[in-house]
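Q: Please read through the structure below; I'll follow up with questions.
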Amino acid sequence: MILLINGKKHTVNADPETPLLWVLREQLGLTGSKFGCGEGLCGACTVLINGVPEHSCVTPMKEVQGKMVVTIEGIPEDHPVKKAWLADEVSQCGYCQPGQIVAAVALLKKKPHPGDTDIDAAMNGNLCRCGTYGRIRRAIHTAAEKGVKP
Amino acid sequence: MTTNKGMTRRQFIASSALAGGGLLLSCCLPFGRRDLMAAAGKDFAPNAFLKITSDGRVTVIVNKSEMGQGVYTSLPMLVAEELCCDWKKVTFQASPVAPEYNRVAMPIMVTGGSSSVRTEWERLSFAGAAAREMLIAAAAKEWKVDPSECRAENGTIFGPGGKELTFGALAARAATLPVPKNPKLKGGAGTLLGKPLHRLDSPAKINGTAIFGIDVSVPGLLTCVIAHPPVFGAKVKTFDASKALSLKGVKQVVKVEAGVAVIADGFWPAFKGREALTVEWDEGEGAAISTPAMRAEYAGLAATPGLIARKEGDAAATLAAATKHFDAEYEVPYLAHAPMEPLNCFVDLKGDSCLIRTGSQFQTIHRDMAAKVAGLKPEQVTLETTFLGGGFGRRANPSSDFVVAAVQVAKVVGLPVKVIWTREDDMKSGHYRPMWYDRISACLDDQGMPLAWHHRIVGQSILAGTPFESGIKEGIDRTSTEGAADTHYAIPNLQVELHSPKNLVSVLWWRSVGYSHTTFVMESFLDELAHAAGKDPFQYRRPLLEKHPRTLNVLEIAATKTGWGTALPKGHGRGIAVQACFSSFAAQVAEVSLDSKGQINVHRVVCVLDCGKIVNPDTVKAQLESGIAFGLSAALYGSITLKNGRVQQSNFDSYPMVSMKAMPKVEVHIVASTEPAGGVGELSVPPIAPAVANALFAASGIRVRSLPLTPDKVLAGLKGEKRL
Numbered sequence: 003m004i005l006l007i008n009g010k011k012h013t014v015n016a017d018p019e020t021p022l023l024w025v026l027r028e029q030l031g032l033t034g035s036k037f038g039c040g041e042g043l044c045g046a047c048t049v050l051i052n053g054v055p056e057h058s059c060v061t062p063m064k065e066v067q068g069k070m071v072v073t074i075e076g077i078p079e080d081h082p083v084k085k086a087w088l089a090d091e092v093s094q095c096g097y098c099q100p101g102q103i104v105a106a107v108a109l110l111k112k113k114p115h116p117g118d119t120d121i122d123a124a125m126n127g128n129l130c131r132c133g134t135y136g137r138i139r140r141a142i143h144t145a146a147e148k149g150v151k152p
Numbered sequence: 133m134t135t136n137k138g139m140t141r142r143q144f145i146a147s148s149a150l151a152g153g154g155l156l157l158s159c160c161l162p163f164g165r166r167d168l169m170a171a172a173g174k175d176f177a178p179n180a181f182l183k184i185t186s187d188g189r190v191t192v193i194v195n196k197s198e199m200g201q202g203v204y205t206s207l208p209m210l211v212a213e214e215l216c217c218d219w220k221k222v223t224f225q226a227s228p229v230a231p232e233y234n235r236v237a238m239p240i241m242v243t244g245g246s247s248s249v250r251t252e253w254e255r256l257s258f259a260g261a262a263a264r265e266m267l268i269a270a271a272a273k274e275w276k277v278d279p280s281e282c283r284a285e286n287g288t289i290f291g292p293g294g295k296e297l298t299f300g301a302l303a304a305r306a307a308t309l310p311v312p313k314n315p316k317l318k319g320g321a322g323t324l325l326g327k328p329l330h331r332l333d334s335p336a337k338i339n340g341t342a343i344f345g346i347d348v349s350v351p352g353l354l355t356c357v358i359a360h361p362p363v364f365g366a367k368v369k370t371f372d373a374s375k376a377l378s379l380k381g382v383k384q385v386v387k388v389e390a391g392v393a394v395i396a397d398g399f400w401p402a403f404k405g406r407e408a409l410t411v412e413w414d415e416g417e418g419a420a421i422s423t424p425a426m427r428a429e430y431a432g433l434a435a436t437p438g439l440i441a442r443k444e445g446d447a448a449a450t451l452a453a454a455t456k457h458f459d460a461e462y463e464v465p466y467l468a469h470a471p472m473e474p475l476n477c478f479v480d481l482k483g484d485s486c487l488i489r490t491g492s493q494f495q496t497i498h499r500d501m502a503a504k505v506a507g508l509k510p511e512q513v514t515l516e517t518t519f520l521g522g523g524f525g526r527r528a529n530p531s532s533d534f535v536v537a538a539v540q541v542a543k544v545v546g547l548p549v550k551v552i553w554t555r556e557d558d559m560k561s562g563h564y565r566p567m568w569y570d571r572i573s574a575c576l577d578d579q580g581m582p583l584a585w586h587h588r589i590v591g592q593s594i595l596a597g598t599p600f601e602s603g604i605k606e607g608i609d610r611t612s613t614e615g616a617a618d619t620h621y622a623i624p625n626l627q628v629e630l631h632s633p634k635n636l637v638s639v640l641w642w643r644s645v646g647y648s649h650t651t652f653v654m655e656s657f658l659d660e661l662a663h664a665a666g667k668d669p670f671q672y673r674r675p676l677l678e679k680h681p682r683t684l685n686v687l688e689i690a691a692t693k694t695g696w697g698t699a700l701p702k703g704h705g706r707g708i709a710v711q712a713c714f715s716s717f718a719a720q721v722a723e724v725s726l727d728s729k730g731q732i733n734v735h736r737v738v739c740v741l742d743c744g745k746i747v748n749p750d751t752v753k754a755q756l757e758s759g760i761a762f763g764l765s766a767a768l769y770g771s772i773t774l775k776n777g778r779v780q781q782s783n784f785d786s787y788p789m790v791s792m793k794a795m796p797k798v799e800v801h802i803v804a805s806t807e808p809a810g811g812v813g814e815l816s817v818p819p820i821a822p823a824v825a826n827a828l829f830a831a832s833g834i835r836v837r838s839l840p841l842t843p844d845k846v847l848a849g850l851k852g853e854k855r856l
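So the sequence lines, in the order shown, correspond to chains X and P. Using my numbering, you'd call the opening residue of the first sequence number 3 and step up by one each time. Using my numbering, you'd call the opening residue of the second sequence number 133 and step up by one each time.
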């Protein structure tokens with residue numbers, strides 16, 4: 003099966019039912035997307051599929067054939083969201099942050115200047131046991147101020 | 133509790149020397165780590181904690197695990213401050229397991245007890261100062277001047293007549309010089325300490341390259357998922373692996389002590405293989421465990437005298453003579469740590485060596501347990517600490533369950549293997565914060581102040597049955613009574629008693645340990661007494677804390693910063709709570725309201741901390757924000773219950789945590805102080821539950837005496853039902 007990940011084609015040989023998360027992590031070495039719950043409940047595995055944030059832990063590999071997948075590794079280092087995450091020192095243990103960042107990138111693409119209720123709605127499914135929510139909110143506002151390229 | 137108080141510089145040098153001459157260049161690499169000796173002669177490694185290469189790069193070797201607190205920044209800051217290096221050239225490296233890296237005055241490496249900065253401050257400051265003096269000595273020798281004519285600044289040594297040499301240029305020469313026996317700290321205002329420097333580990337955590345235990349991989353790696361016992365203490369009777377073995381990718385299915393291990397060429401086939409497995413268990417007596425029965429047992433025990441943990445005056449006689457007394461029962465449930473990264477462990481076991489890579493808070497214990505299981509000597513086991521996707525105590529487990537299970541599997545497999553626990557495995561794996569049941573009787577004097585307080589605590593001992601069991605004195609596990617037996621409140625007749633029933637459900641320290649329970653009980657019941665006396669809960673606490681000015685101070689600041697006493701919107705209420713623990717002092721005020729379904733909305737939390745002197749105010753602030761979210765999850769949602777021995781929660785739907793929407797606005801205030809450094813990481817956990825419960829009472833008149841503060845309890849309160 004051929005998958006398009008972060009702009010590159012990859013030939014993957016695995017059971018088509020395998021969740022995308024494990025293909026990314028174990029076959030392609032893209033370990034930035036994390037396993038947190040395996041049920042689509044925590045958001046640690048969030049990736050973009052055709053620009054939409056999805057839980058890769060419950061997305062079978064076969065479903066992303068022919069679609070564009072973007073992981074944390076595919077978001078440029080100079081992306082305003084990554085820069086805002088650094089500037090506002092969001093990370094604590096850091097485990098959930100790739101998923102948070104991917105979700106925030108999707109939010110800002112859809113809504114370049116989100117209000118707090120937009121942030122609540124878009125980010126509520128991305129859990130953080132370290133409780134970095136206040137800083138995530140701030141960093142999204144910071145990134146919005148700096149402007150996210152469409 | 134071990135603190136760095138009273139450790140003199142002489143003891144520091146002596147203890148370092150005893151630990152294998154940690155300050156001596158020739159002895160600073162005793163742990164078989166050749167990579168640390170790379171380019172010896174060019175590099176400068178004056179002690180176990182830092183290394184300077186010829187390019188001027190300073191690597192600080194950090195003996196504490198990074199699980200969110202920012203130790204890969206705060207501990208390097210301590211070294212860099214005294215070293216006077218260029219902060220931009222500082223990097224970090226996780227230390228190997230060796231005596232040099234044990235916690236000060238303890239025989240093990242451990243990250244916990246809110247101790248990293250406070251226990252390492254002195255040792256790392258002297259490590260930096262010793263290296264600075266050696267670099268100065270090297271420059272002075274080069275220039276043939278007296279060292280007193282030279283100074284270090286921003287990675288360069290400056291000498292008379294405009295002479296200068298960089299640390300990198302001096303590193304090789306400095307490495308040949310003797311290590312100063314009594315390095316002098318530079319003192320004065322810090323150039324780094326006290327500044328909110330950016331975290332050195334943030335870039336890796338943001339770009340996805342930070343390697344957590346679950347990310348560890350090597351060529352040919354096998355992945356294992358274990359079918360764990362469904363009830364505590366159950367053993368495998370028989371199993372049928374035929375279906376599992378027929379699945380593509382499944383390599384092997386074996387019975388190990390921990391359960392039935394399904395080994396495959398990836399997580400998914402291992403997971404599917406486990407689903408296809410049929411296991412028959414000998415469940416044993418664990419199958420009879422149920423939360424209601426346990427609660428009834430605890431309530432029965434609370435009605436009988438326990439071992440005395442604290443006795444002041446005569447609480448029993450005072451209460452017997454009182455015309456009116458106030459009685460209450462409080463309870464809190466088992467809690468899972470639920471770090472975002474489920475437990476996991478990589479093991480590569482060969483004939484005479486074992487490599488372990490995992491997120492550990494308890495390296496020495498985990499290594500030694502691994503050695504025991506592998507049949508090796510501890511020195512044959514190498515444990516490398518990865519980033520930890522949260523710890524909260526779960527990865528500091530004396531039984532070393534997740535490491536031991538992985539070594540058991542590796543013994544059978546004979547190839548590099550990583551055992552991954554699913555969220556459900558992690559959630560049901562025990563090692564919970566104990567369930568507690570408290571019974572208190574109190575009476576007031578004619579001013580309405582507490583005259584007697586008779587408190588019985590019932591719950592499992594964390595230390596019992598561990599290598600730390602000797603910490604139980606006369607039957608009292610201090611981690612069961614901390615926060616109650618050592619209360620700062622002046623109560624003339626105080627008696628705290630303890631029952632420590634045994635149970636198959638394993639228990640463990642959970643962020644803030646005993647205080648996670650006692651602060652809720654003490655601060656809630658004190659609030660009850662204040663209201664019973666017709667007094668303001670904040671004002672009521674003040675005279676009781678007169679002998680503890682730092683505790684009183686954080687309480688008063690919290691009230692001031694909140695605007696305590698000012699009007700709130702209708703239906704809103706404020707609650708206050710304070711706790712001294714881990715050598716620091718924290719107070720919080722929460723503002724809450726109720727919705728029509730009985731759900732508590734926490735709008736604002738004001739948090740004040742006095743933790744003495746500070747390394748990095750931003751990581752301190754972040755940890756306080758974190759503790760509030762962590763404690764609030766327990767206050768509002770967290771509960772592990774058992775039925776027929778089975779844990780009834782499994783994932784984040786049945787064991788929820790605070791999400792973006794539920795996170796209150798948090799305002800942190802840190803008291804400026806020159807006192808010795810105290811703890812930080814656990815400090816904001818204890819006060820949040822009672823602050824919210826007290827705010828609930830202020831908002832609604834409902835007193836909920838059990839956690840979590842769920843809508844059904846609130847609605848029962850609104851209906852006037854008498855229940856917990």
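We put the beta carbon where it would ideally sit given N, CA and C, even for glycine. Since we're looking at a predicted model, the values are computed, not measured.
Quick one: does M3/X have its CB under 8 angstroms from some CB of chain P?
A: Locating residue 3/X in the first sequence gives position 1, where the first residue counts as 1. Output row for M3/X: interface = no.
Q: Near L297/P, what residues of its chain come up, given a Cβ to Cβ distance below 6 angstroms and the 5 sequence neighbours on each side ignored?
A: Within the second sequence, residue 297/P is the residue found at index 165, counting from 1. Once the five neighbours on either side are set aside, the close Cβ partners of L297/P are A271 and I289.
Q: Using a Cβ cut-off of 8 angstroms (strictly closer), state whether G53/X contacts chain P.
A: As a working note, residue 53/X is residue 51 in the first sequence. Chain P contact via Cβ: absent.
Q: What three-state label does DSSP hand R855/P in the structure shown?
A: For this step, residue 855/P is matched to residue 723 along the second sequence. Because the pLDDT of R855/P is 47, which lies under 50, any placement of that residue in the model is unreliable, and the number read from its coordinates should be weighed accordingly. Looking at R855/P - three-state DSSP - the assignment turns out to be coil, as it is neither helix nor strand.
Q: On the three-pair Cβ rule with 8 angstroms, is the segment 320-335 of chain P touching the segment 361-376 of chain P?
A: No, they do not touch.
Q: Put A396/P into one of helix, strand or coil per three-state DSSP.
A: Along the second sequence, read from residue 1 onward, the residue named residue 396/P stands at position 264. In the structure shown, A396/P sits in a strand (DSSP, three-state: E or B).
Q: Would you say V464/P and W568/P are within 8 angstroms of each other, going by their C-beta atoms?
A: Working through the second sequence from its first residue, we reach residue 464/P at position 332. Working through the second sequence from its first residue, we reach residue 568/P at position 436. Yes, they are a contact pair.
Q: Where P82/X and F670/P are concerned, what is the direct C-alpha to C-alpha distance, given to the nearest angstrom?
A: Residue numbering aside, residue 82/X sits at position 80 when the first sequence is read from its first letter. Residue numbering aside, residue 670/P sits at position 538 when the second sequence is read from its first letter. Each residue's Cα considered, the two are about 45 angstroms apart.
Q: Taking C-beta pairs closer than 7 angstroms, name the residues in chain P that G40/X reaches, listed in chain order.
A: Counting from 1 along the first sequence, the entry for residue 40/X is found at position 38. What G40/X touches in chain P: T554 and R555.
Q: Rank V357/P, T698/P, V824/P and G523/P by C-alpha distance to the C-alpha of H735/P and give the top, closest one.
A: Looking up residue 735/P in the second sequence gives position 603. Here the closest residue by C-alpha is V824/P.
Q: Based on the DSSP output, what are the partners of G191/P in its beta bridges?
A: Reading the second sequence from its first residue, position 59 is the one you call residue 191/P. Reading off the sequence, residue 191/P comes out as Thr, not Gly. Looking at the DSSP assignment, T191/P forms a beta bridge with K183/P and T223/P.
Q: Output, in chain order, the set of chain X residues within a Cβ distance shorter than 9 angstroms of R835/P.
A: Mapped onto the second sequence, residue 835/P falls at position 703. Those within 9 angstroms of R835/P in chain X number zero; the least Cβ separation is about 27 angstroms.
Q: Rounded to whole angstroms, what's the CA-CA distance from A830/P to D557/P? Just pull it up for me.
A: Locating residue 830/P in the second sequence gives position 698, counting from the first residue. Locating residue 557/P in the second sequence gives position 425, counting from the first residue. Cα to Cα, A830/P sits roughly 40 angstroms from D557/P.
Q: In chain order, which beta strand (DSSP E) runs of at least 3 residues are fully inside the segment 438-472 of chain P?
A: Complete beta strand (DSSP E) runs here, min 3: 439-444 and 458-464.
Q: Helix, strand or coil for P424/P per DSSP?
A: Position 292 of the second sequence, counting from 1, holds the residue named residue 424/P. Here P424/P sits in helix by DSSP.
Q: State the Cα-Cα distance for the pair L161/P and E807/P, rounded to the nearest angstrom.
A: In the second sequence, residue 161/P corresponds to position 29, counting from 1. In the second sequence, residue 807/P corresponds to position 675, counting from 1. Unreliable positioning characterises L161/P in this predicted model, as indicated by a pLDDT of 29, which lies under 50. A coordinate reading is not provided.
Q: Hey, would you say G730/P sits closer than 8 angstroms to V836/P, going by beta carbons?
A: Within the second sequence, residue 730/P is the residue found at index 598, counting from 1. Within the second sequence, residue 836/P is the residue found at index 704, counting from 1. Not in contact: G730/P and V836/P (Cβ atoms no closer than 8 angstroms).
Q: Give me the subset of the segment 73-87 of chain X whose CB atoms are less than 8 angstroms from a CB atom of chain P, sorted by chain position.
A: Against chain P - using a Cβ distance shorter than 8 angstroms - the residues of the segment 73-87 of chain X are T73, I74, E75, E79, K84 and W87.
Q: When DSSP labels each residue in this structure, what does L756/P get in the three-state scheme?
A: Residue numbering aside, residue 756/P sits at position 624 when the second sequence is read from its first letter. Reduced to three states, the DSSP call for L756/P is helix.
Q: For the ligand COA, is there any heavy atom lying closer than 7 angstroms to the beta carbon of E511/P?
A: For the ligand COA, the structure offers nothing, since it holds no ligand at all.
Q: On the DSSP letters alone, give me the boundaries of the alpha helix (DSSP H) that G260/P sits inside.
A: One-based indexing of the second sequence puts residue 260/P at position 128. From DSSP, the alpha helix (DSSP H) with G260/P extends over S248 to W275.
Q: By the 9 angstroms beta-carbon criterion, what residues does the segment 382-404 of chain P contribute toward chain X?
A: Residues passing the 9 angstroms Cβ filter: D397, G398, F399, W400, P401, F403 and K404.
Q: In the DSSP assignment, what are the bridge partners of W413/P?
A: One-based indexing of the second sequence puts residue 413/P at position 281. DSSP output for W413/P lists V368/P as bridge partner(s).
Q: Could you tell me which of S715/P, F258/P, P474/P and T410/P sits nearest to R555/P, measuring between CA atoms?
A: Taking the second sequence and counting its residues from 1, the one referred to as residue 555/P is at position 423. The candidate whose alpha carbon is nearest that of R555/P is P474/P.
Q: Going by DSSP, what residue range makes up the alpha helix (DSSP H) through F652/P?
A: The sequence position of residue 652/P within the second sequence is 520, counting from 1. Where F652/P is concerned, the enclosing alpha helix (DSSP H) stretches over Y647 to A664.
Q: By the three-class DSSP mapping on this structure, what secondary structure does M70/X have?
A: As a position in the first sequence, residue 70/X is number 68, starting the count at 1. DSSP places M70/X in strand when its eight states are reduced to three.
Q: What does A470/P reach in chain X if we use C-beta pairs closer than 7 angstroms?
A: Here residue 470/P refers to the residue found at position 338 when the second sequence is read from its first residue. Residues of chain X passing the Cβ test: R131.
Q: Is L353/P closer than 8 angstroms to K550/P when the C-beta atoms are compared?
A: Taking the second sequence and counting its residues from 1, one reaches residue 550/P at position 418. Taking the second sequence and counting its residues from 1, one reaches residue 353/P at position 221. Closer than 8 angstroms, so yes.
Q: Any C-beta of chain P within less than 7 angstroms: which residues of the segment 15-32 of chain X qualify?
A: Result list: D17, T20, P21, W24 and E28.
Q: Do G759/P and G810/P come within 8 angstroms of each other at the CB atom, strictly closer than that value?
A: Numbered from its first residue, the second sequence carries residue 810/P at position 678. Numbered from its first residue, the second sequence carries residue 759/P at position 627. Cβ distance not < 8 angstroms, so G810/P and G759/P don't count as in contact.
Q: I need the boundaries of the beta strand (DSSP E) containing W87/X, first residue and last residue.
A: Along the first sequence, read from residue 1 onward, the residue named residue 87/X stands at position 85. Per DSSP, W87/X belongs to no beta strand (DSSP E); it is in the alpha helix (DSSP H), P82 to A89.
Q: Locate the beta strand (DSSP E) running through I7/X, then write down its first and last residues.
A: Your numbering for residue 7/X matches position 5 in the first sequence. Where I7/X is concerned, the enclosing beta strand (DSSP E) stretches over I4 to I7.
Q: To the nearest angstrom, report how far apart V536/P and P530/P are at their CA atoms.
A: Locating residue 536/P in the second sequence gives position 404, counting from the first residue. Locating residue 530/P in the second sequence gives position 398, counting from the first residue. Rounded to whole angstroms, V536/P to P530/P spans 11 angstroms at the Cα level.
Q: V311/P and A262/P - do their beta-carbons sit closer together than 8 angstroms?
A: Locating residue 262/P in the second sequence gives position 130, counting from the first residue. Locating residue 311/P in the second sequence gives position 179, counting from the first residue. Cβ distance < 8 angstroms, so A262/P and V311/P count as in contact.
Q: Does G525/P come within less than 8 angstroms of chain X when only Cβ atoms are used?
A: Reading the second sequence from its first residue, position 393 is the one you call residue 525/P. With 8 angstroms as the cut-off, G525/P does not count as an interface residue toward chain X.
Q: Report buried or exposed for H587/P, applying the criterion of at least 16 other Cβ atoms within 10 angstroms of its Cβ.
A: Position 455 of the second sequence, counting from 1, holds the residue named residue 587/P. Per the 10 Å Cβ criterion, buried.
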